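Residue numbers (our numbering): 614 to 883. Ideal Cβ placement from N, Cα and C applies to all residues, glycine included. Since the model is a prediction, treat every value here as computed from it, not as a measurement.
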């Protein structure tokens, strides 16, 4: 996306603080024109025809009645850009403060951006808003549509948002597909690497890939440390390294969440 960078939980620090957003891939992506703007010209012609022949008025009056629609068609991109910039300013404030109510209000008010912005940008932003508001299913739907608008392969932000949503929903095959694209584009995105490793282990699709992903990640700290250690224990167990699995399981301590309990079960000798 051009103006707004997606920032899901996978793009935050281990303590939940925002970090620098990932960079969009440099390749050009397909941009579909905004449908609302595209329909303005046909609608203006329909108005001219209806007023001229349906009401029997002069052609000059018919054109005058349709003129606002033509003018709106001309200025729609400017209105969308202005609306997007205004939303971006509020977005930064809302994310920093964790104010979901402010974000929801700002999104409702960004009508020009939602109506006349590029669909790929609007859908990606909609996914971000849904994720922040806790609507993970809605986020997945928005990111999937954004991927389709991109031509079947989304931008890095779209793939990251989609992978994160699918990961949270337990849709591991879809999460694996999207997150693999993310780590291919940005091998330094450690949270994406951890999520991918977890999805591989959780789905039983791992063939040593999870351990390879984790070995290049620094050990997580803060709130993410416990789950990271459990994840490493399960990854070592998946390749038959029982001693390393035991060591990481001991470092992790007692499982504190259902996710950690599931990983603890995977890390034990079979």
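Q: Grab me the residues of residue 813's own chain with a C-beta within less than 7 Å of its C-beta, minus the 5 sequence neighbours each way, in chain order.
A: The residue labelled residue 813 in the question sits at position 200 within the chain shown. Correct list, in chain order: 789, 819, 822 and 823.
Q. What residues in its chain sit with their C-beta under 8 Å from that of residue 717, if we drop five residues either side in the sequence?
A. Looking up residue 717 in the chain shown gives position 104. Once the five neighbours on either side are set aside, the close Cβ partners of residue 717 are 742 and 746.
(Q) So, with DSSP's three-state summary, where would you put residue 652? (A) Counting from one through the chain shown, the residue named residue 652 turns up at place 39. The answer is coil: DSSP assigns residue 652 none of H, G, I, E or B.
**Q.** Distance, residue 661 Cα to residue 676 Cα
**A.** In the chain shown, residue 676 corresponds to position 63, counting from 1. In the chain shown, residue 661 corresponds to position 48, counting from 1. The straight-line gap from Cα to Cα measures roughly 6 Å.
Q. Sorted by chain position, which residues of the same chain lie with C-beta nearer than 7 Å to residue 678's C-beta, five sequence neighbours on each side aside?
A. Locating residue 678 in the chain shown gives position 65, where the first residue counts as 1. Answer for residue 678: 660 and 664, listed in chain order.
Q.
Rounded to whole angstroms, what is the Cα-Cα separation between residue 601 and residue 857?
A. This structure leaves residue 601 out entirely; the chain is present only between 614 and 883.
Q) Could you check where the alpha helix (DSSP H) with residue 795 kicks off and where it finishes? A) Residue mapping note: residue 795 aligns to position 182 of the chain shown, counting from 1. Run containing residue 795: 785-798, per the alpha helix (DSSP H) assignment.
**Q.** Backbone CA spacing between residue 672 and residue 797 [nearest angstrom]
**A.** Position 59 of the chain shown, counted from the start, is the residue given in the question as residue 672. Position 184 of the chain shown, counted from the start, is the residue given in the question as residue 797. The straight-line gap from Cα to Cα measures roughly 59 Å.
Q.
For the pair the stretch 770-789 and the stretch 751-760, tell me if three or more CB-CB distances fall below 8 Å.
A. yes
Q: Would you mind sorting residue 666 into buried or exposed? The rule is 16 or more other CB atoms within 10 Å of its CB.
A: The residue you call residue 666 lines up with position 53 of the chain shown. Result: exposed.
Q: Identify, in the order they occur along the chain, each residue of the same chain with its Cβ nearer than 7 Å to the Cβ of residue 865, setting aside the five sequence neighbours on each side.
A: Your numbering for residue 865 matches position 252 in the chain shown. Here the set comprises 839, 842, 843 and 846.
Q) Nearest CA to the CA of residue 692: which residue from 722, 744 and 674? A) Within the chain shown, residue 692 is the residue found at index 79, counting from 1. Of the listed residues, the one whose Cα sits closest to residue 692 is 722.
Q: Determine the direct distance from the alpha carbon of residue 774 to that of residue 876, and round the result to whole angstroms.
A: Here residue 876 is taken as the residue at index 263 of the chain shown, counted from 1. Here residue 774 is taken as the residue at index 161 of the chain shown, counted from 1. So the two alpha carbons sit approximately 24 Å from each other.
Q | Residue range of the unbroken alpha helix (DSSP H) whose run includes residue 558 | A | Here the chain has residues from 614 to 883 only, and residue 558 is not among them.
(Q) Could you tell me the alpha carbon to alpha carbon distance between residue 656 and residue 685, rounded to whole angstroms? (A) Taking the first residue of the chain shown as 1, we reach residue 656 at position 43. Taking the first residue of the chain shown as 1, we reach residue 685 at position 72. When rounded, the distance between both Cα atoms is 12 Å.
Q. Does any heavy atom of the ligand FMN sit closer than 7 Å to the C-beta of residue 761?
A. Inclusion of the ligand FMN in the displayed structure is not the case, the ligand content being empty and no account of it being possible.
**Q.** Span of the alpha helix (DSSP H) around residue 779
**A.** If you number the chain shown from 1, residue 779 lands on position 166. Residues 769-782.
Q | Assigned exposure category for residue 700 - 16 Cβ within 10 Å defines buried | A | Sequence index remark: in the chain shown, residue 700 carries index 87 (1-based). Residue 700 should be labelled buried.
Q) Thinking C-alpha only, which one of 726, 709, 713 and 682 is nearest residue 694? A) Position 81 of the chain shown, counting from 1, holds the residue named residue 694. Closest option to residue 694, Cα to Cα, is 726.
Q: Return the residue from the list 801, 799, 825 and 706 that minimises the CA-CA distance to residue 810.
A: Indexing the chain shown from 1 puts residue 810 at position 197. It is 825.
Q) What's the gap between the Cα of residue 779 and the Cα of residue 803? A) The count along the chain shown starts at 1 and reaches residue 779 at position 166. The count along the chain shown starts at 1 and reaches residue 803 at position 190. Going by the C-alpha atoms only, they are around 17 Å apart.
Q | Pick from 736, 800 and 817 that is closest to residue 830, judged by C-alpha positions | A | Here residue 830 is taken as the residue at index 217 of the chain shown, counted from 1. Closest by alpha carbon: 800.
(Q) Can you give me the C-alpha to C-alpha distance between residue 697 and residue 669, rounded to a whole angstrom? (A) Translated into positions along the chain shown, residue 697 becomes position 84. Translated into positions along the chain shown, residue 669 becomes position 56. When rounded, the distance between both Cα atoms is 41 Å.
Q | Under the three-state DSSP convention, the category residue 757 falls into | A | Stepping through the chain shown from its first residue, residue 757 is reached at position 144. In this structure, residue 757 counts as helix in the three-state DSSP scheme.
Q | Simplified DSSP assignment, three categories, for residue 836 | A | Here residue 836 refers to the residue found at position 223 when the chain shown is read from its first residue. Looking at residue 836 - three-state DSSP - the assignment turns out to be helix.
Q.
So for residue 859, helix, strand or coil by DSSP?
A. Residue numbering aside, residue 859 sits at position 246 when the chain shown is read from its first letter. DSSP places residue 859 in helix when its eight states are reduced to three.
Q. CB-CB under 6 Å to residue 827, same chain, minus the five flanking residues each way: which ones, in chain order?
A. Walking along the chain shown from the start, residue 827 turns up at place 214. Answer for residue 827: 810, 845 and 848, listed in chain order.
(Q) Which same chain residues end up closer than 6 Å to residue 707 when comparing Cβ atoms and leaving out the 5 residues on each side of it in sequence? (A) Here residue 707 refers to the residue found at position 94 of the chain shown. The residues are 715 and 716.
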